[in-house]
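Below is one structure, written out as structure tokens, with a few remarks after it.
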Amino acid sequence: MDEQILYYTNKFRQSKGLKPLQLDETISQQARRHSRDMANGSTGFGHEGFEDRVANVSKKMGRVSSAAENVAYGTLDAEAVVNGWIKSPGHRRNMLGDYTLIGIGTADKGRLTFFTQVFIKQ
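Rendered as structure tokens:
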């Protein structure tokens with residue numbers, strides 16, 4: 271599903287004249303961990319620990335000049351979750367931000383899926 275989320279995210283960015291984001295495994299590891307933590311209840315739904323996720327990326331990849339994060343959960347497919355983010359002004363702003371890299375992670379809990387996108391510009 272991560273590749274599908276990337277596809278719909280980049281399709282939206284390109285429709286606005288922006289360059290596509292490159293999927294990065296280091297960033298995706300942080301996104302997957304956050305989705306998993308939300309799904310298993312070790313952290314609440316939201317952005318708790320975002321600064322730590324960015325710091326972990328920075329330790330492995332070098333300086334991060336800007337970062338943002340989108341989260342969601344529900345019984346959604348990739349297109350539906352991206353469309354939901356597009357309709358939300360804050361999430362939309364993140365998707366259209368001046369970023370070059372993205373990490374995507376999902377985790378399931380029963381019928382629910384937890385989604386995380388982490389956007390990075392070095």
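Just add 270 to wherever you are in the sequence shown, counting from 1, and you've got the working numbering.
Just so you know, even glycine gets a beta-carbon here, dropped at the ideal spot from N, CA and C.
Residue from the options with nearest C-alpha to residue i
i: S298; options: K289, E339, N310 and V351; result: E339
i: V351; options: D368, I374, Q300 and K329; result: I374
i: D347; options: K286, D294, V388 and T383; result: T383
i: T270; options: K357, D307 and D294; result: Absent from the model: residue 270. The displayed extent of the chain is 271 to 392, so no value can be given.
i: R394; options: F282, F320 and M365; result: Because the chain in this structure spans residues 271 to 392, residue 394 falls outside the shown range and cannot be described.
i: T313; options: V341, S358 and Y277; result: V341
i: M308; options: T376, R381 and T279; result: T376
i: I275; options: K286, G360, M365 and P359; result: M365
i: Q300; options: Q392, K286 and D322; result: D322
Separation of residue j from residue i, as counted between CA atoms
i: S335; j: L288; result: 19 Å
i: V324; j: I372; result: 12 Å
i: N326; j: F389; result: 14 Å
i: G354; j: S328; result: 29 Å
i: F282; j: G311; result: 31 Å
i: Q292; j: M331; result: 14 Å
i: H317; j: E349; result: 22 Å
i: P359; j: T279; result: 15 Å
Residue i burial status per 10 Å Cβ neighbour count (16 or more: buried)
i: S305; result: buried
i: R333; result: exposed
i: F385; result: buried
i: Q387; result: buried
i: T345; result: exposed
i: Q284; result: exposed
C-beta neighbour in chain D for residue i, strict 8 Å
i: V324; result: No chain D appears in the structure shown, which is made up of a single protein chain.
Reduced DSSP secondary structure (H/G/I, E/B, other) of residue i
i: T296; result: helix
> In chain order, which continuous runs of the alpha helix (DSSP H) of length 4 or greater are located wholly inside the segment 299–363?
Replying inline: Segments of the alpha helix (DSSP H) lying fully in the segment 299–363: 320–331 and 348–357.
> Along the chain, which unbroken stretches of the beta strand (DSSP E) at least 3 residues long are found entirely within the segment 361–386?
Replying inline: 371–379
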